[in-house]
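Below: the structure, in structure tokens.
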Ligand SMILES: Cc1cc2nc3c(=O)[nH]c(=O)nc-3n(C[C@H](O)[C@H](O)[C@H](O)COP(=O)(O)OP(=O)(O)OC[C@H]3O[C@@H](n4cnc5c(N)ncnc54)[C@H](O)[C@@H]3O)c2cc1C
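Residue numbers (UniProt numbering): 1 to 600.
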């Protein structure tokens, strides 16, 4: 760690803006070459307390300004004008310090289609190899195997950085959900890491099985190199822009980074490259403050335009989610029990003594299904005809994103690609819960390939002003997201009513299976929230397709500015992103090291 005064006087080869999931991993990998010097500018502070490290305390730091940026969308007109909250880690390690630790992959089909969008070298083979390089997996225990934990060693990395494992504790609703889903024709998937993630499975998690603590980019990567003299991390400093000089070619060269700390502004020079890793909701702001983006927008903010890249901040995608609550019959241990102070204290003592029990684990079970599993044929026909009509509109036919829409359209009818994710949470946090003594669970349905596209843009020329974030929630082509969510909710009703889970369900509280489609739509508008997986705002795509970075993560029009974080995903993948982001850090390091060698 460094002071602001030390930091700006150093000569770094690489400066990484944002010491989060991807950025801190990348900085640490680069620093394994002792001959180069790496500097990291991170707005948050290092925090290694139980709110971060204890798996079962996940969620406690969310909303706390010492850990969370507490970003919100602008009012969303299709979601009752609500401002939707978007937690983002503001600590060393970024959102890897706050997330639910699910460590899973997208599918082979989706990633192979990434390459077809024109980003050579980004396909299932290269991405899954990179994820394996990141991973240090431990095989499941017998108890975890009995809960269907992934036990296929060849699909996992053993010698990487991020310790991953199955859980040591499973809620007693896990096996009933497996039985119910199997009864509904959904197969148990023994290894989602294989590149085929359809089915019901339990997560592999970024949890160190020796200590049952969260493994995140700080303790997985940075702690291995933090005492080396060639890596310096400045925390509590907010970078504001990248400074360039014109080169003999038409491209610009980044020469320094401006940042704020303690009320003062500094400029730190860079010898080789700058890498922006501030995440999908904040990377566009730094690009724009540096003069890179849509010229009209930059002029409105009085920012001199240096590179015209209209894709900056556009193409924002997420996994929107809707939660549905039910009351359980009988007695079960659920997360709601932790609302009792004495019970929570008892569980914490158990965890501190033996690293066992409820706090050693988080949510573990998930269902991924294609459209044909949850959308009846007649509804699918209506959805496809509404979508195909919308796709013919001139604004789509002439859109730079046209190819992305075509790929997504093909995925809608592909039985190997998940459109819906259902997560079982053994808790109930919604209003309307009338019986305090009863136990509850929530099924959360997530759209894996929503059709809405939002944006995030700077609102002034100061990094201290929050960006404007518009998820365009439910504002989708042909109203497809709403049509799919109605079917998703109906499918979840069936899950709650079928097999062993059905037998354990005393009452579906909200929404109700008896409700009309209109009532369900109202509920969806009132409940829809971010799935916490924003991506796409500095897409890796050809420049003609509104791309911001090329297949080497280099910002178009620059010689030495790259982006490495969730903003480069060109189109969403049906999975939780952290494993892919650690893989991205490894791929970015390889690209940078190869270009270093080429220059020698
Ligand atoms: C509550 C929650 C639960 C989730 N659960 C899961 C899960 O179980 N599994 C999964 O795979 N994914 C999950 N995710 C998503 C996943 O964690 C994120 O997609 C991922 O961590 C994002 O990584 P990133 O590198 O893009 O950005 P981040 O990790 O957010 O890193 C960005 C960093 O940049 C810093 N920064 C921002 N602006 C500046 C600035 N101007 N100057 C300096 N520093 C700056 C931030 O403080 C942060 O440290 C979850 C997310 C949330 C919020």
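For each residue, glycine too, the CB sits at the ideal point set by N, CA and C.
Taking 7 Å as the cut-off, the C-beta of residue 448 does not count as close to any heavy atom of ligand 1. In this structure, ligand 1 has a non-hydrogen atom nearer than 7 Å to the beta-carbon of residue 463.
Under the three-state reduction of DSSP output, residue 569 falls in the coil class, being neither helix nor strand. Assignment of residue 544 by DSSP, reduced to helix, strand and coil, places it in the helix class. The straight-line gap separating the alpha-carbon atoms of residue 548 and residue 138 is approximately 38 Å. Three or more Cβ pairs drawn from the segment 331-346 and the segment 163-177 lie within less than 8 Å of each other, which places the two stretches in contact. If you draw a 10 Å sphere on the C-beta of residue 300, you find fewer than 16 other C-beta atoms in it, and that means exposed.
Under the criterion of beta carbons closer than 8 Å, residue 545 and residue 287 do not qualify as touching, at roughly 17 Å. By the C-beta criterion, the segment 323-332 is judged to be in contact with the segment 494-510, since at least 3 inter-stretch pairs fall below 8 Å.
When C-beta atoms of the segment 67-74 are compared with those of the segment 86-94, three or more pairs fall below 8 Å, so the two segments count as touching. Residue 533 has its CB nearer than 7 Å to a heavy atom of ligand 1.
Distance between residue 412 and residue 574, taken at the CA atoms: about 12 Å. Relative to the Cα of residue 522, the nearest Cα in the group 594, 79, 339 belongs to 79. For residue 269, the enclosing beta strand (DSSP E) covers residues 264-276. In the structure shown, residue 521 falls within a helical segment according to DSSP collapsed to helix, strand and coil. Cβ neighbours of residue 302 within its own chain (closer than 8 Å, five residues either side excluded): 461. A straight-line Cα-Cα distance of about 17 Å links residue 315 and residue 277. Annotated as proximal: residue 585 and residue 26, with beta-carbon spacing under 8 Å.
Nearest to residue 51 by alpha-carbon distance, out of 43, 159, 348, is 348.
Residue range 12-17 is occupied by the beta strand (DSSP E) that includes residue 14. Its Cα nearest to that of residue 365, the residue 424 stands out among 395, 424, 321. At the C-beta level, residue 149 and residue 166 come within 8 Å of one another. Taken in chain order, the complete beta strand (DSSP E) segments of 3 residues or longer contained in the segment 80-150 are 135-137. Annotated three-state conformation of residue 46 is coil, per DSSP. In the DSSP assignment, residue 307 is bridged to 292. With the rule of 3 Cβ pairs closer than 8 Å, the segment 528-542 does not count as touching the segment 204-212.
Per DSSP, the unbroken alpha helix (DSSP H) holding residue 411 starts and ends at 402-412. In this structure, residue 285 lies away from residue 444, with their beta-carbon atoms at least 8 Å apart. Using a 10 angstroms sphere on the CB of residue 377, the tally of other CB atoms stays under 16, which defines it as exposed. The three-state secondary structure of residue 333, taken from DSSP, is coil. Secondary structure at residue 169: coil, using DSSP grouped into helix, strand and coil. Taking 8 Å as the cut-off, the Cβ atoms of residue 513 and residue 493 count as close. In the displayed model, residue 282 falls within coil according to three-state DSSP, outside both helix and strand. In this structure, the CA atom of residue 305 is about 9 Å from the CA atom of residue 289.
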